[in-house]
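What follows is a single structure, written as C-alpha cells, with notes after it.
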Amino acid sequence: MFEINETPECIEMVKERRNKELKLNEFMLSEKNRLAEKVDYYTPLLKKSA
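To get our numbering, take the position in the sequence shown, counting from 1, and add 398.
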C-alpha cells in the first residue's frame, strides 16, 4: 500500500486510480454478464444434442 499525503496532487492521483478501478470493475461485470448470457443460450442446445 502507499501512503496518502493530503496534497492536491496526491488526492488527484487517488481519484484517478479509483476511477480506473471503477471502470475496470464495470467492464468485468459487463463481460461476466455477456458470458453468462452465452452459457444460458448454449446449455439447452448442448443438452438436446447429447
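Glycine included, every Cβ here is placed at the ideal spot set by N, Cα and C.
Backbone CA spacing between residue i and residue j [nearest angstrom]
{"i": "L443", "j": "K421", "result": "34 Å"}
{"i": "E424", "j": "D438", "result": "21 Å"}
{"i": "Y440", "j": "K413", "result": "41 Å"}
{"i": "K445", "j": "A434", "result": "17 Å"}
{"i": "N417", "j": "E407", "result": "15 Å"}
Run of the alpha helix (DSSP H) containing residue i, from where it starts to where it stops
{"i": "N417", "result": "406–447"}
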